[in-house]
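Remarks on the structure that follows.
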Amino acid sequence: MPLTSADLAAIWLTLQLASLTTVILLIVGTPIALWLAHTRSRLRGPIGAIVALPLVLPPTVIGFYLLLAMGPHGYVGQFTQYLGLGTLTFSFAGLVIGSVIYSMPFVVQPLQNAFAAIGPRPLEVAATLRANPWDTFFTVVLPLARPGFITAAILGFAHTVGEFGVVLMIGGNIPDKTRVVSVQIYDHVEALEYAQAHWLAGAMVAFSFLVLLALYSSRKSQTSWS
Amino acid sequence: MTSQINLRLQHHYPGFALDLDLQLPGKGVTALYGHSGSGKTTCLRCIAGLERASQAYVQVNGHIWQDSQRNHFVPVHQRALGYIFQEASLFPHLSVRANLEFGLKRIAHQERRVDLAHATELLGITHLLTRAPHNLSGGERQRVGIARALLTSPKLLLMDEPLAALDSQRKSEILPYLQRLHAELDIPVLYVSHSQDEVARLADHIVLLNEGKVLGSGPIGETLARLDLPLARGDDAGVVIEGRVGNYNLNYQLLTLQLPGSTQHLRVTHASMAIGQPLRVKVQARDISLSLHPAEHSSILNSLRVTVVSETAADNQAHVLIRLDADGTPLLARITRYSRDQLGLRTGQILWAQIKSVAVLA
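Chains as they are written, first to last, in the working numbering: chain A, 1 to 226; chain B, 1 to 362.
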């Protein structure tokens, strides 16, 4: 058996983390992307820049601030303690929050581009045909932006799978709770288990290649993506 | 219920201000006519609610859509209007049929006055129902767009230069459908255009816009003949006359058109039409010559007995424009200043207007 049960547990945890993060990001990212694509507000620039920050910041920087915020003395930590939930650091929930922030631009930007490419006209047409804004979103915007949603979901998922720095800062290395594949590989290397590291690292390369292959092969038929 | 459209709009942009106060007939086709940048499209968008004018009162046949003084604004999707954009803007992810049904299925059954079969037959698109929008020609797309708007059974149809994006062949393909629409459906239309030809063919009423202000507004026959409006001064000036078919001479292919409220008539070469049918013709000001006596032994078909009403300068020194009256039907004649002096024209004088050509607008 090339993969140990610890490896399999790490893979399972990674898939759970990436799936949950992607679902949350599609729900949270859609209104943000819609707003960024259509607003004439002066806040458009600053909000767009904040959403894009994880693209350029080292993951350790994001992880460091999240650690402080979610720790016992941080605002988030004090709030979760007040609710009786304890702190989110070194927990799966904390990892999900970190991943959502870390992968945010990879979901928001393809959606924003897709919404911008649709433009205001189809929305105006739908309104003159008696569709209210919610109706228009589900019957016009969603189908027209479908390629953007697919791109956003794939990029959000894949990017979360590839996360390492943020996990290490706020999640540590707890089996079945925070030890994802990237951390498990790091552990193998630290322990000089190069054969084990090879299997997992190879699986990651194969996975990432297949995801990107699917994405780039489908680009022809898409109207837009980042 | 009053059959009228009341509009008061004030809307400011950097470098542009729309400021108008209009009472328009609540039936027939009203053309909003003017150069690009005159505020026609903005006006239409404000009426639809696609743009929210800062100061506005919009009332359509008894329904108040906006009253900024009471902070009342009905959202676009709750206004019983149909909007035709310059480009058809069909939904690319839906078939022609699904596009047509998009508005239709959002209308309560008891409010539906136009059904799918009627609309598709009216616009000649029945054979296109299963096609995708990208497989249609520009003219077909625009016809689907018009049918789609009709299927919401609108109380007002707003058309923003529906033919502007089409070449002249496609235009002449759609115009007959618009004329049928006008004849068969009792829906008031506001039609934005900068084409004199489209306006002459379709409009019953015309509003002349310039830089966001109304220069003139009134029935088409009357307004085109108004000497105080820039329309009359151009080389293309002329009047539109809607008469009724008197009789038809099969041998000469000549149709007699009775002037409204008059015993006088015009004769035009035309295919046969039933007696009593309305027919619209355009008479250009430059095609009318004036004479002190009825012409005899002339190849000119049409000679009307007219009274001189008034006169104004044309767009050049050499010409003047004379407004004439043929038993209530206004006419414009563009003649040289020299001829005017030779004839000694004065108000109230009776003359014979010889009309070199009459263009049938159908």
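By construction, the Cβ of each residue, glycine as well, lies at the ideal position given by its N, Cα and C atoms.
Could you confirm whether any beta carbon from chain B is found closer than 8 Å to the beta carbon of residue i?
i, result
"GLN222 of chain A", "Only weak support exists for where GLN222 of chain A lies, its pLDDT of 46 falling under 50; the value from the coordinates is given anyway. Output row for GLN222 of chain A: interface = no."
"VAL205 of chain A", "no"
"THR30 of chain A", "no"
"PRO147 of chain A", "no"
"GLU144 of chain A", "Note on residue identity: the sequence assigns Leu, not Glu, to residue 144 of chain A. Chain B contact via Cβ: present."
"SER226 of chain A", "Note on SER226 of chain A: pLDDT 33, under 50, position unreliable in the model; no value is reported."
"VAL140 of chain A", "yes"
"VAL125 of chain A", "yes"
"LEU111 of chain A", "no"
"LEU13 of chain A", "no"
"ARG42 of chain A", "no"
"ASN132 of chain A", "yes"
"PRO122 of chain A", "yes"
"THR39 of chain A", "no"
"LEU129 of chain A", "yes"
"ARG179 of chain A", "no"
With a threshold of 8 Å between beta-carbons, can residue i be considered close to chain A, or not?
i, result
"VAL58 of chain B", "no"
"ILE275 of chain B", "no"
"THR120 of chain B", "no"
"GLY15 of chain B", "no"
"VAL306 of chain B", "no"
"LEU321 of chain B", "no"
"LEU324 of chain B", "no"
"ILE5 of chain B", "no"
"THR152 of chain B", "yes"
Give me the Cβ distance between residue i and residue j, rounded to the nearest whole Å; I'm assuming they're in contact under 8 Å.
i, j, result
"PHE115 of chain A", "ALA33 of chain A", "6 Å"
"VAL189 of chain B", "LEU163 of chain B", "VAL189 of chain B to LEU163 of chain B, Cβ: 13 Å. No contact."
"ALA203 of chain B", "VAL29 of chain B", "5 Å"
"GLY48 of chain A", "PRO110 of chain A", "Between PRO110 of chain A and GLY48 of chain A the Cβ distance is about 14 Å, and since that is not below 8 Å, they are no contact."
"LEU104 of chain B", "LEU151 of chain B", "4 Å"
"GLY162 of chain A", "THR60 of chain A", "Not quite, the Cβ-Cβ distance comes to about 15 Å (not below 8 Å), so this is no contact."
"ALA266 of chain B", "GLY243 of chain B", "The sequence as given places Leu at residue 266 of chain B; Ala does not occur at that position. Sure, about 7 Å apart at Cβ, within 8 Å."
"SER193 of chain B", "TYR338 of chain B", "Actually they are not in contact, since the Cβ atoms of SER193 of chain B and TYR338 of chain B sit about 36 Å apart, beyond 8 Å."
"PHE343 of chain B", "VAL281 of chain B", "Residue 343 of chain B is actually Leu in this sequence, not Phe. Not really, about 26 Å apart at Cβ, beyond 8 Å."
"ASN99 of chain B", "VAL144 of chain B", "6 Å"
"PRO122 of chain A", "VAL140 of chain A", "5 Å"
"ARG141 of chain B", "LEU90 of chain B", "6 Å"
"ALA93 of chain A", "ILE118 of chain A", "Wrong, their Cβ atoms sit about 35 Å apart, outside the cutoff."
For residue i versus residue j, is the C-beta distance shorter than 8 Å?
i, j, result
"VAL308 of chain B", "ILE322 of chain B", "yes"
"ILE241 of chain B", "ASN302 of chain B", "no"
"SER153 of chain B", "ILE84 of chain B", "no"
"LEU166 of chain B", "GLY138 of chain B", "yes"
"GLN349 of chain B", "ARG305 of chain B", "no"
"VAL180 of chain A", "LEU17 of chain A", "yes"
"ALA88 of chain B", "THR128 of chain A", "no"
"ALA152 of chain A", "VAL189 of chain A", "no"
"SER291 of chain B", "TRP352 of chain B", "yes"
"GLU161 of chain B", "GLN78 of chain B", "no"
"VAL207 of chain B", "ALA31 of chain B", "yes"
Relative to the C-alpha of residue i, which candidate in the options has its C-alpha closest?
i, options, result
"ILE24 of chain A", "A:MET104, A:PRO122 and A:ILE174", "A:MET104"
"GLN258 of chain B", "B:ILE187, B:PHE73, B:LEU250 and B:LEU279", "B:LEU279"
"GLN284 of chain B", "B:VAL114, B:ALA237 and B:GLY243", "B:ALA237"
"SER68 of chain B", "B:GLY62, B:TYR57, B:VAL76 and B:LEU345", "B:TYR57"
"PHE90 of chain A", "A:PHE209, A:ILE170, A:TRP35 and A:ASP176", "A:ILE170"
"THR4 of chain A", "A:VAL107, A:ALA195 and A:PHE207", "A:ALA195"
"VAL211 of chain A", "A:VAL189, A:LEU55, A:ASP176 and A:LEU155", "A:LEU155"
"ILE227 of chain B", "B:VAL214, B:LEU351 and B:ASP315", "For the sequence presented, residue 227 of chain B should be read as Leu rather than Ile. For the residues B:VAL214, B:LEU351 and B:ASP315, the minimum Cα distance to LEU227 of chain B belongs to B:ASP315."
"LEU18 of chain B", "B:ASN6, B:PRO25, B:SER3 and B:GLY37", "B:GLY37"
"GLN365 of chain B", "B:ARG170, B:GLY218, B:GLU211 and B:LEU231", "Beyond the ends of chain B as shown, which are 1 and 362, falls residue 365 of chain B; an answer cannot be given."
"ASP235 of chain B", "B:LEU215, B:ILE187, B:ALA333 and B:ASN61", "B:ALA333"
"ARG180 of chain B", "B:THR130, B:LEU209 and B:THR120", "B:THR120"
"LEU26 of chain A", "A:VAL100, A:LEU15 and A:HIS38", "A:VAL100"
"LEU215 of chain A", "A:GLY86, A:PHE64, A:PHE157 and A:ALA9", "A:PHE157"
"THR336 of chain B", "B:ASN61, B:LEU90, B:GLN317 and B:ARG52", "B:GLN317"
If I follow the unbroken beta strand (DSSP E) through residue i, where does it start and stop?
i, result
"GLU124 of chain A", "No beta strand (DSSP E) contains GLU124 of chain A, which is instead part of the alpha helix (DSSP H) from 121–128."
"MET159 of chain B", "156–160"
"GLN66 of chain B", "63–67"
"PHE16 of chain B", "16–25"
How would you write the range of the alpha helix (DSSP H) that residue i sits in, first residue to last?
i, result
"SER172 of chain B", "168–184"
"LEU67 of chain A", "59–70"
"ASP197 of chain B", "196–202"
"LEU88 of chain A", "Where LEU88 of chain A is concerned, there is no enclosing alpha helix (DSSP H), given that its DSSP letter is neither H nor E."
"ASN210 of chain B", "Counting along the chain, ASN210 of chain B falls outside any alpha helix (DSSP H), though it belongs to the beta strand (DSSP E) covering 205–210."
Return no unless some Cβ of chain E is closer than 8 Å to the Cβ of residue i.
i, result
"ARG52 of chain B", "In summary, chain E is missing from the structure at hand, where the protein chains are A and B."
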